[in-house]
Amino acid sequence: MRNPLSKIVVDIQPSGIRKFFDIVSEMKDAISLGVGEPDFDTPWHIREEGIYSLEKGRTFYTSNAGLKDLKMEICNYLNRRFSLSYHPDHETIVTIGGSEAIDIALRAMLDPGDEVLIPQPSYVSYLPCATLAGGKPVIIELKAENQFRLTKEELLDAITERTKVLIMPFPNNPTGAIMEREDLEDIVKIVKEKDIFVLSDEIYSELTYGKKHVSIAEFPGMKERTILINGFSKSYAMTGWRLGYAVGPAVIIEQMVKIHQFAIMCAPTTSQYAAIEALRNGDSDVETMRDAYDQRRRYLIHAFREMGLECFEPYGAFYIFPCIKSLGMTSDEFATSLLREEKVAVVPGTAFGECGEGFLRISYAYSIENLKVAIERIEKFVSKHRII
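Here it is, written out as C-alpha cells:
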C-alpha cells in the first residue's frame with residue numbers, strides 16, 4: 001500500500017502547549033497555569049442572547065461571510081476603538097475563531113515559496129499555517145533585552161526579495177509584549193518601502209495594561225496592506241463559542257471568503273448572535289475582566305522577582321514569561337520536573353519557538369487563589385533547585 005500521508009503534514013510538529021496537559025488531567029491536586037483560556041464565564045447577557053437565538057429557531061446557515069448585523073457591529077467597534085473604517089460587506093469576514101482567519105488569510109495570499117516573516121516567541125499556529133499554505137516561514141528571534149518587541153534592524157535583516165507577508169503577533173502570546181506607536185512607526189516605514197503585506201493578530205487588543213493598544217492598520221497607507229485579525233475568545237471569555245473575524249482589503253477578503261465557503265460554509269449561527277450582543281453591550285465586562293487580569297499580572301511579577309527570577313513586565317495579553325536560565329535547566333526540564341515534583345503545569349518557552357529556550361509561559365487567566373497556591377509550589381521548587 002502506498003503511504004497515505006502528506007509529507008508536509010507529517011513533518012509538522014504537534015503543538016508543544018498540550019504536551020503536559022493530558023498528564024495534568026489525570027493527576028490529582030495538580031494546578032495548570034498553561035492554557036490561555038479565561039477563567040471567567042461568558043457574561044450572562046451574551047449567553048442569554050445565544051439562548052434566545054436558539055429559542056427563536058435561528059438554527060440556519062448564515063451567509064458565508066457572516067451575519068450582516070455582526071459584520072456591521074465589528075466595523076462599528078473598530079471605528080469606535082481605533083478610528084478604522086471598513087465596509088461590512090466587502091472588507092469583513094466572520095471566522096471560526098482567530099485561528100481560521102490566520103489560516104485562510106495565508107492561503108489566500110501565498111504562492112509556493114513566498115516568504116512569511118514570523119517573529120518568535122509567538123503563537124504556535126503561524127508557522128504550520130504558513131507551511132500548509134505553501135509559504136516558507138522565516139523566523140525573526142525577538143529578544144528579552146528589547147522587551148520582545150520587533151525592531152527595525154531585526155526586520156530589515158530578515159527581508160529578502162521573496163518576502164511577502166510579515167506576521168505581527170502583538171499583544172504577544174506567550175511574552176505579553178506589546179508594540180507602542182513609536183515602535184510601529186519604524187516598522188511601517190520598512191513595510192511600505194519593501195512592499196510587504198502584514199497579517200496583524202490583535203486577538204489580545206483589549207487586554208493591555210496602562211498602555212492603549214495601537215493597530216498597525218491605523219497608520220497612513222497601512223490599511224491597504226494589512227489583514228487585521230481579532231475575535232471574541234479572549235476579550236469576552238468566549239473561547240468555546242469559536243468566533244473570530246478578519247478585516248482588510250476587499251481583494252484579499254474576497255478570496256478568504258471563497259476558501260471559507262468551501263471549507264467551513266459559515267461560522268456558528270448561535271455564536272454570531274451572541275457576538276452581536278458582546279460588541280453592543282460588552283465594554284463593561286471587558287473592563288472588569290481586564291482589571292482582574294491586571295491584579296494577577298502585578299502579583300506574579302512581584303512573586304517571580306521575589307524568587308530571584310528575571311521577569312520583564314508584560315503590558316498585554318494574560319501571560320508572563322519569566323526567565324529560568326539561572327537554574328541551569330532547559331525550559332522543558334524545568335516544566336517536566338515542576339509537574340512531577342510539585343504538580344504545577346507550565347509551558348516551556350520552546351513551545352513558541354527555539355528562542356523561547358530559558359523561559360516559561362505562565363498564564364494568569366486563573367483565579368488569584370489558584371495563582372497563590374501555584375506560586376508557593378513554584379517557589380519551593382526554585383529554592384530546591386537553585387544553583388549555589
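As numbered in our numbering, residues 1 to 388 make up the sequence shown, in order. Heads up, the beta-carbon is just placed ideally off N, CA and C, and yes, glycines get one too.
Cα-Cα separation between residue i and residue j, rounded to whole angstroms
i, j, result
"Asp114", "Asp285", "41 Å"
"Phe219", "Gly316", "21 Å"
"Ile378", "Leu127", "31 Å"
"Ile227", "Met109", "10 Å"
"Lys68", "Phe232", "17 Å"
"Phe359", "Arg58", "47 Å"
"Ile167", "Lys56", "41 Å"
"Pro43", "Pro322", "31 Å"
"Asp89", "Asp294", "36 Å"
"His213", "Phe148", "16 Å"
"Ser238", "Lys384", "First, the amino acid is wrong: residue 238 is Met here, not Ser. In a straight line, the C-alpha of Met238 is about 39 Å away from that of Lys384."
"Thr163", "Val116", "6 Å"
"Gly210", "Arg2", "58 Å"
"Asp11", "Asp103", "18 Å"
"Cys355", "Glu310", "16 Å"
"Lys258", "Asn370", "44 Å"
"Leu150", "Ala158", "11 Å"
"Ile375", "Ala101", "36 Å"
"Val138", "Pro171", "20 Å"
"Glu357", "Lys143", "11 Å"
Minimum C-alpha distance to residue i - residue among the options
i, options, result
"Arg181", "Met307, Thr239, Lys189", "Lys189"
"Ile8", "Ile368, Leu166, Thr131, Ile375", "Thr131"
"Ser271", "Trp241, Leu84, Arg297, Lys28", "Trp241"
"Ile362", "Thr160, Glu37, Thr42, Trp44", "Glu37"
"Glu154", "Glu306, Phe321, Val116, Glu141", "Glu141"
"Ile324", "Arg340, Arg305, Phe318, Glu342", "Arg305"
"Ala275", "Cys75, Ala30, Ile12, Met27", "Cys75"
"Leu243", "Lys223, Ala263, Ile252, Thr269", "Thr269"
"Glu277", "Val347, Ser6, Gly50", "Gly50"
"Phe312", "Glu341, Val346, Thr175", "Thr175"
"Pro112", "Ala101, Cys129, Gly97, Ile96", "Cys129"
"Leu279", "Ser235, Ser53, Ala292, Phe318", "Ser235"
"Gly16", "Pro348, Glu376, Val344", "Pro348"
"Ile196", "Asp183, Asn173, Ala177, Lys223", "Lys223"
"Leu338", "Ile301, Thr350, His302, Lys380", "Lys380"
"Leu199", "Ala177, Glu161, Ile253", "Ile253"
"Ala105", "Tyr273, Glu357, Tyr245", "Tyr245"
"Ile229", "Val94, Cys266, Lys343", "Val94"
"Leu84", "Val24, Ala177, Ala217, Leu207", "Ala217"
Any non-hydrogen atom of the ligand GDP within 8 Å of residue i CB
i, result
"Asp157", "The model on display carries no ligand, and the ligand GDP is accordingly not part of it."
Burial state of residue i, where buried means 16 or more other Cβ atoms lie within 10 Å
i, result
"Arg297", "buried"
"Asn281", "exposed"
"Lys372", "exposed"
"Ser99", "buried"
"Asp41", "exposed"
"Gly248", "buried"
"Phe262", "exposed"
"Gln120", "buried"
"Arg80", "exposed"
"Ser215", "buried"
"Glu91", "buried"
"Pro4", "exposed"
"Pro390", "Residue 390 lies beyond the residue range present for the chain, which begins at 1 and ends at 388; the question has no answer from this structure."
"Thr160", "exposed"
"Ala250", "exposed"
"Glu341", "exposed"
Would you be able to state if there are at least three C-beta pairs under 8 Å between the region 288 to 299 and the region 325 to 339? no
Unbroken beta strand (DSSP E) runs of length 3 or more, entirely within the region 194 to 261: which are they? 197 to 201, 226 to 231, 244 to 247
Does the region 144 to 160 touch the region 201 to 211, meaning 3 or more C-beta pairs lie closer than 8 Å? no
Return the chain-ordered ranges of every beta strand (DSSP E) run that is complete within the region 113 to 187 and spans a minimum of 3 residues. 115 to 120, 136 to 141, 163 to 168
Output the residue ranges of the alpha helix (DSSP H) runs that lie fully inside the region 281 to 326 and measure 4 residues or longer, sorted by chain position. 283 to 306
Quick one: which unbroken beta strand (DSSP E) runs of 3-plus residues sit fully inside the region 34 to 99? Chain order, please. 92 to 95
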